[in-house]
Every structure is written in structure tokens, then in C-alpha cells.
Amino acid sequence: MSSQGVAIRPPQGKLGVLIPGIGAVATTFVAGTEAVRRGLAHPIGSLTQMGTVRLGKRTEGRSPAIKDFVPLARLDDLVFAGWDLFPDNAYEAALKAGVLERSHLDAVKDSLQELRPMPAVFERKFVKNLRGKNVKKGKTKMDLAEQLMDDIAGFKKRNGLDRMVMVWCASTEIFLRPSAVHESLGAFEKGLKSNSPQIAPSMIYAYAALKSGVPFANGAPNLTVDIPALRSLALKKELPVCGKDFKTGQTLMKTILAPGLKARLLGLRGWFSTNILGNRDGEVLDDPGSFRTKEESKLSALEYILQPDLYPELYRDLYHKVRINYYPPRGDNKEGWDNLDIFGWLGYPMQIKIDFLCRDSILAAPIVLDLVLFLDLAQRTPELARRGIQEWLSFYFKSPMTAPGLYPEHDLFIQLMKLKNTLRHLRGEELITHLGLEYYD
Ligand SMILES: NC(=O)c1ccc[n+]([C@@H]2O[C@H](COP(=O)([O-])OP(=O)(O)OC[C@H]3O[C@@H](n4cnc5c(N)ncnc54)[C@H](O)[C@@H]3O)[C@@H](O)[C@H]2O)c1
């Protein structure tokens, strides 16, 4: 049985995609999207492009593609722009990142070459291991925010865009705790004018996006938009925001495995994770400040999934360790090892070993595409936009943003159910509870 559903503005006209950070993830996303729209590749890993959603009873046989079920922007309507402290265009940056083969890049070279990064808002204090010259100058952080707003307005005008979204794909900044300057919009704006050292470049981008009426997603673990000042700006402007830190690689595996172990009430004594990676992200994470931000993001997922307070005999004494080692020969082709010491019936110990030879940016690119399209759906849906934080997009993040005081849901399968039920809700379809007693009436 379906009802009316909620109001959603149709996706007319072009959608601008603004990307701080034209590095490995961003170029793999743009090159892949171009290849898909030219019919050269399948959008593997993308829920918006390949996923389906079951509607009604199992006996009804209704499982439309998600992109036919909700009104998403078409890939042909996307236009890209970005910022980076290195002036390389996206073709050059992609060659340096070394994720995609030259033959794949050459097939979309013209589009990649057109994407030339605008000068970045950058401060070395926040990302110690990078040095680049394509950087904006300004007396105050407010000046810099205004320059970004001018960039955004210029991009919209030049391309005749209808709407925009911004997805942070730039480097991980050093660990910051929320402080007084982040507490309210007033304090934050004062801090921008007085160059508060607690305001990171990513926050300046997020502020500029929201002030310009652009939704914001954060692909890195930095605080960025997850501070009261910017959350309140998002609410005031009725703009969707989400983050933090794309869920790829080892953490993706954790949030697939840990719910399974907990479902069967198997205990965990230790989980040791180590990685070697050699891309620019790995180099940035070689700095202890940036690593700390990443570590906090990676560690929290297990704790929330396992709920040691509810299952003390199984998870209270878990020893969880995460290491990231910068190892240049591997480039973007990371290797992640996990050793799990688990225990079962009568406490008998067992072990699980995982050796994941993954490609980080290959896993991240479809996430960026889905976030672009779902954030845009959310901005056209007042029922979602007016709530600011889009918890239904937790599926894509290592540290999902939630309402203050609400613990995040990390279990990948609960996150997927939440996402699909949100789509059903928008279209007035019955939510699926998996009760299913009626099949036996
Ligand atoms: N690849 C993944 O699977 C994955 C998963 C989760 C999170 N992330 C995060 O996504 C981000 C991008 O990853 P990547 O592998 O593409 O890294 P990358 O180093 O290849 O690209 C990041 C780019 O951002 C630029 N940059 C840094 N600070 C900037 C600023 N203030 N303004 C504009 N540009 C800036 C850098 O010059 C670089 O070109 C990182 O923060 C990473 O931690 C990646």
C-alpha cells in the first residue's frame, strides 16, 4: 500500500559539484563519472546507479532501481569544480595519484584537463606534510571565506547551474577539539574576523558553502562542519550536511564483520589492524597530528557496534589497535592486515586473519558520487533539508554525524536499512520491518 509521499522538487537544470582537494579520490571520482557517462564503464560500487529497493511484500516482486524510484540528478547534468594548493589540472593530478591507468585517463582526458583547481584556502599548521603555491591570500579568515563565496558564485554563473553541492576530498587536518569559537555562529564569525587559530581551513570552506546555500559533505575525519556553529548555520539555512570520513577499506570490513560476530554472541579479545599505503594521503597521515584525527575516527566504530556495556563478558576487555604506515612503493594500492582474537563456547579461543589488498580511491569514488546525488536529493526535499544533519547517509561514513547526544549507528546493515527506509518514506511506501507474519496467515 503506498500513500502520497513527501514533496520533492524535480532535478531540473545542471548540478555543480564543488570539491576541495583535487587528489586521488576526487580525480578517480571525476574520471569514473566521465567514463560512465560516455558508456565506457559500469558505475560499480554505487548504490544510486546500481542499487535497487524492495517495495511492499516479498510476493509482489517490486524492486525498482533506486535511480528510478527517487528523482536524482542525471550524471549528464553534473559539472565539476575544485580547489587545491597544487595547480595541476585533474588529468595531471590523476597521473600523479597513480590510481587509474593512463589508458583510462586518456579516454576522458579532455574533461579532466578542464578541471583546473582554484587557489586553495590552506594553512600548513593544519596539514604539516604539504607545501603548495596555489593558495589564496587574505588579511583575515573572513576575507578567505568571502573569496571562496566569490569562487562559488562565479562557478554557478559561468555554467548556468541550478544547484550545487560541496564534498570535502582534501587532506586530513590535525586533531582539533571543539572549543569556544566553535560554540555559536556569532563566536565563529568573530573568530573568522580575528583569525582565530582554532578555525581550520576545512571549516572556512564549509562556512562559505553554507553561506552560499550549498549543502556540505565531509569525506575526511576533521571536525569541519560538525561543530555547533556550522550545524546551526545549516539548520538556519535549511541545508543538508553529513560526514565524517568516507567508510572504505579496513573500517568497511570492520563494520561488516563486527555486527556478524556480535549477532552470534562471539567474544572478542583483540583486534589488531595495520596498514601500509604510499599515496599522498599516507604521507599526510605520517604526521602524528593528522594520524590522531584518523585514529579517533577508525577506533570508534567497533566500540559502538559491540556495545561492551551491554555485553561485558564478550567485549569489555577488547584490545583494539590501529596502525597506519607510510610505505611509498605501494602508492594507492594499500594493504591492510587484521588479526582478530575471538572466543566461543566455554571461552575457547579462535583467530580470524584478513589480508585486504584494496584500492582506497576505487572504494571511495562511488561513495562521492552517491553523496553528491543524495545530498542534492536532500536539498530538494524540505522534509530532509530542514533537519540539517542527514543521518540516513551514515552508510557512507566512518564517524557518522548525528544529533548532539545521540550515539551513531555504525552497523553497515542497519545503516543500509535506514537509508532505504528513508527513500521508501519519501515516496510514501510502507517501511520494511522484516516481521513477515502475514505470509503464514
Ligand atoms: N581514499 C579513501 O579510501 C579515503 C577514505 C576515507 C577518507 N579519505 C579521506 O579523503 C581525503 C582525500 O584522500 P586522497 O587519497 O584523495 O588524498 P590526496 O592526498 O590524494 O588528495 C587530497 C588533496 O587535497 C589537497 N588539499 C589539502 N588541503 C587542502 C585545502 N585546504 N584546500 C584544498 N586542497 C587541499 C592536497 O593537496 C591533495 O591534492 C583525505 O582526507 C582522506 O583521509 C579517503
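Our numbering numbers the first residue of the sequence shown as 42 and each following residue consecutively.
Beta carbons: idealized from backbone N, C-alpha and C, even for Gly.
These numbers were taken from a predicted model, which means no experiment stands behind them.
Sub-8 Å separation of residue i and residue j beta-carbons
i	j	result
Gly214	Ala241	Residue identity check: residue 214 is Glu in the sequence provided, not Gly. Result yes, Cβ atoms of Glu214 and Ala241 sit closer than 8 Å.
Asp267	Gly254	no
Asn320	Ala131	no
Gly290	Cys399	yes
Leu351	Leu359	no
Leu293	Leu404	yes
Arg74	Leu116	With the sequence shown as reference, residue 74 is identified as Thr, and Arg is not the correct amino acid for it. Contact: yes.
Ala258	Leu416	yes
Asn175	Phe121	no
Phe438	Asp192	no
Ala148	Ile63	no
Leu410	Phe70	yes
Ala426	Glu324	no
Burial state of residue i, where buried means 16 or more other Cβ atoms lie within 10 Å
i	result
Gly429	buried
Tyr356	buried
Val77	buried
Gln420	buried
Met244	buried
Ile297	exposed
Met442	buried
Phe110	buried
Ser212	buried
Asp373	buried
Leu59	buried
Ser440	buried
Ser44	exposed
His475	exposed
Gly388	exposed
Leu478	exposed
Ser235	exposed
Met205	buried
Leu302	buried
Gln53	exposed
Met42	The predicted position of Met42 is uncertain, since its pLDDT is 47 and thus under 50; a value taken from the coordinates is nonetheless stated next. The residue in question, Met42, is exposed, as its Cβ has fewer than 16 Cβ neighbours within 10 Å.
Phe96	Looking at the sequence shown, residue 96 is not Phe but Leu. By the 10 Å Cβ count, Leu96 comes out buried.
Glu570	Since the displayed the chain opens at 42 and closes at 482, residue 570 lies outside it and no answer follows.
Met159	buried
Thr68	buried
Arg272	buried
Arg143	exposed
Tyr481	exposed
Any C-beta of chain C under 8 Å from that of residue i
i	result
Arg465	Reference to chain C is not applicable here, since this structure consists of a single protein chain.
Would you call the region 444–451 in contact with the region 74–93, where contact means no fewer than 3 C-beta pairs closer than 8 Å? In short, these stretches do not touch, since the Cβ pair count stays below three.
Is the region 339–347 in contact with the region 178–195, if contact means three or more CB pairs nearer than 8 Å? no
Ranges of the beta strand (DSSP E) found wholly within the region 171–232, counting only runs of at least 3: 202–209
If you scan the region 391–465 from start to end, which runs of the beta strand (DSSP E) of 3 or more residues do you find wholly inside it? none
Contact the region 326–340 vs the region 383–392: 3+ CB pairs below 8 Å: no
Under 8 Å, with one C-beta from each stretch per pair, do the region 154–169 and the region 322–332 reach the 3-pair mark? Inter-segment contact for the region 154–169 and the region 322–332 is present: three or more beta-carbon pairs are separated by less than 8 Å.
Quick check: the region 87–97 against the region 139–157, are at least 3 beta-carbon pairs closer than 8 Å? Result no; under three Cβ-Cβ pairs closer than 8 Å.
Going along the chain, which unbroken runs of the alpha helix (DSSP H) with 4 or more residues stay wholly within the region 236–316? Counting whole runs of 4 or more residues, the region 236–316 contains the alpha helix (DSSP H) stretches 242–252, 269–278 and 290–304.
Entirely enclosed alpha helix (DSSP H) segments - the region 95–152, minimum 4 residues: 107–110, 131–138 and 143–147
With contact counted as at least three CB pairs below 8 Å, one residue from each stretch, are the region 215–234 and the region 263–279 in contact? Cβ pair count under 8 Å is three or more, so yes.
Write down every uninterrupted run of the alpha helix (DSSP H) in the region 346–380 whose length is 4 residues or greater and which is fully enclosed by it, in chain order. Secondary structure remark: continuous alpha helix (DSSP H) runs of at least 4 residues inside the region 346–380, in chain order: 353–356.
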